[in-house]
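Residue numbers (the numbering used here): 470 to 602.
Idealized CB from N, CA, C, for every residue including glycine.
Values in this document were obtained by computation on a predicted structure and should not be read as measured data.
Notes for the one structure printed next.
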Ligand SMILES: [Zn+2]
């Protein structure tokens, strides 16, 4: 039978055609183009959160130093704090003292000194007792 041999020949050729391979590669590259920016953005947000936490830790370390030396400024304490705590920005930034109370990261997206200052102010706010009638 002639048709039987034709079918056998077609079935033996079971590799992918160039069109199928190109289609798969195009689909994979489209998925990568969609997903990659989101993944990179999430990594950046994570670095920012960690950096803000680091800045708060530096502020708290400064406060603990002020128990012994109330006049110490951030400029004076920061090198020692960074050496002692090994705090580093994962986004590649470096910490610098902005004024006597605040610290900032060299990566601008990682929070300004005012945000950190506000947190410290909130932390410093004394608990007000409710007024009794
Ligand atoms: Zn940073």
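Through-space distance from residue j to residue i, alpha-carbon basis
i: residue 493; j: residue 509; result: 24 Å
i: residue 532; j: residue 555; result: 17 Å
i: residue 521; j: residue 575; result: 12 Å
i: residue 490; j: residue 507; result: 27 Å
i: residue 527; j: residue 551; result: 8 Å
i: residue 549; j: residue 541; result: 12 Å
i: residue 529; j: residue 558; result: 17 Å
i: residue 563; j: residue 580; result: 13 Å
i: residue 487; j: residue 514; result: 41 Å
i: residue 498; j: residue 484; result: 22 Å
i: residue 534; j: residue 496; result: 57 Å
i: residue 539; j: residue 547; result: 15 Å
i: residue 545; j: residue 536; result: 15 Å
Classification of residue i by the beta-carbon crowding that lies within 10 angstroms, buried from 16 upward
i: residue 511; result: exposed
i: residue 561; result: exposed
i: residue 553; result: exposed
Whole-number beta carbon distance between residue j and residue i, since they are thought to touch under 8 Å
i: residue 524; j: residue 567; result: Not quite, the Cβ-Cβ distance comes to about 10 Å (not below 8 Å), so this is no contact.
i: residue 569; j: residue 543; result: 6 Å
Ligand 3 heavy atom lying under 7 Å from the CB of residue i
i: residue 550; result: Questions concerning ligand 3 fall outside what the structure shown contains, since the ligands it does hold are ligand 1.
Three-pair Cβ contact test at 8 Å for the segment 514–530 versus the segment 493–505: In short, these stretches do not touch, since the Cβ pair count stays below three.
Around ligand 1, Cβ to any heavy atom closer than 5 Å, ordered along the chain: Neighbourhood of ligand 1, defined by CB distance below 5 Å to any of its heavy atoms: 520, 558, 560, 562, 574, 576, 579, in chain order.
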